[in-house]
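Below: the structure, in structure tokens.
Residue numbers (full-length UniProt numbering): 1 to 174.
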């Protein structure tokens, strides 16, 4: 299937792994593909028209991640996460606590992330193009029912449905 991907779409799939690593996640999810696409054209331009920027997506992913420390849960145990973070920053440098959980190496795609690729292929086959590009991959992200991606889009997008409609027009060549 990857032979149908444009260089831009391939790059977005690779960058999704980097996105997951950066926020300390253990698997590649659709939201990481969204983050990678927000940095690229033409998908990034479509996203930007709806208020979706890479910085906003990246920050929302980091706040929603499975690699993020849960301050509320730690608070229930009597641990003040903000105080721990301040102490770690003072001793080890700014952002040290967040960096500590970031590993390297290959991450696996979740079932939903694999569905993004399948949906992108379906969109391509049913549309006028022959290659899976950034817009088709973005259509795949938007087609997959994923709670974390929906939460991130709700947080950063002015109107997720209008974004979906816009992506559909771009993919159809209109």
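A virtual CB, placed ideally from N, CA and C, is assigned to each residue, including glycine.
Non-local C-beta neighbours of residue 20 in its own chain, meaning closer than 6 Å and more than five positions away in sequence, comprise 28, 32 and 107, ordered along the chain. When C-beta atoms of the segment 122-133 are compared with those of the segment 160-173, three or more pairs fall below 8 Å, so the two segments count as touching. Scanning its chain for C-beta atoms nearer than 6 Å, with the 5 sequence neighbours on each side dropped, one finds around residue 39 the residues 54, in chain order. By the Cβ rule, the segment 87-96 does not count as touching the segment 45-64, because fewer than three pairs are nearer than 8 Å. The beta carbon of residue 162 sits closer than 7 Å to the beta carbons of 50 from its chain, once the five residues preceding and following it are set aside; these are given in chain order.
Exclusion of the five residues before and after residue 47 leaves 38 as the residues of its chain whose Cβ lies within less than 6 Å of its Cβ.
Going by DSSP, residue 168 is part of the alpha helix (DSSP H) stretching over 160-171.
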